[in-house]
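Asker:
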Amino acid sequence: MTTHYINPAPGTSAQIVLKLDCGIALGTLTLGGSPLTVPSLQDITINNANDVFTWSQLDATAKKQVATTSTNSIAMNLVVDTDTFFGTTLDAAQSGTVAAQGLMGLSRNKTLVTFSLKVEEATADRYIKGQGYITGLAPTISADSPVWVTPVTITVTGDYTVSATE
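This note's numbering applies: residue 97 is where the sequence shown begins, and numbers increase by one.
Put into structure tokens, the structure is as follows:
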């Protein structure tokens, strides 16, 4: 069996691309005509943590466990781009586009977003899609890092889907 590693190393043609759009309706994973491509990703973590219910029984020497619902999220760090972070329209309403609201507006307005995370590799591209809310913004700057950097989390509502097309 041949092993195919996902290798998005800097300088290679393999890329990780994250696109966001306003959620049309809960459960609709279609991106609109002008989604926001999030630039300057430094790292990204896809979390899928299943919760587990644990109990003890008087007739057993070990605890019993059963998997329950999962908590999904995508965490990343990125170099702050003014338009991406603040949006193209200051104080844009929740009804504004993703580009108008920016990451800060999407978080402040509690806007449901649809996302598509493209993972390019040599044999086939994969798209991890879902819906969620932007949270966890905490931009920082320091003498050692003279550009603004912020963590961003997409707290996913529902499941991820994985497909070969966007």
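Ideal Cβ placement from N, Cα and C applies to all residues, glycine included. Here the structure is a predicted model, which means the values were calculated and not measured.
Using beta-carbon positions only, say whether residue 168 and residue 252 come within less than 8 Å of one another.
Answerer: Against the sequence shown, residue 168 aligns to sequence position 72. Against the sequence shown, residue 252 aligns to sequence position 156. Yes, the pair counts as a contact, with Cβ atoms nearer than the cut-off.
Asker: Could you pull the start and end residues of the alpha helix (DSSP H) that residue 255 belongs to?
Answerer: Numbered from 1 along the sequence shown, position 159 holds the residue referred to as residue 255. Counting along the chain, residue 255 falls outside any alpha helix (DSSP H), and DSSP gives it neither H nor E.
Asker: Sort out for me which residues DSSP pairs residue 231 with in a bridge.
Answerer: Residue mapping note: residue 231 aligns to position 135 of the sequence shown, counting from 1. DSSP, once it has assigned bridges, lists 249 as partnering residue 231.
Asker: Who does residue 170 pair with in a DSSP beta bridge?
Answerer: In the sequence shown, the residue the question calls residue 170 occupies position 74. DSSP lists 142, 250 as partners of residue 170.
Asker: What residue range does the alpha helix (DSSP H) around residue 194 cover?
Answerer: By one-based count along the sequence shown, residue 194 stands at place 98. Start and end: 194 to 204.
Asker: Determine, using beta-carbon pairs with one atom in the segment 143 to 155 and one in the segment 166 to 186, whether at least three such pairs fall under 8 Å.
Answerer: Enough Cβ pairs lie closer than 8 Å, so yes.
Asker: Quick test of the definition: if touching needs 3 or more C-beta pairs under 8 Å, does the segment 198 to 213 touch the segment 223 to 241?
Answerer: Touching, yes, given that three or more Cβ pairs across the two stretches are closer than 8 Å.
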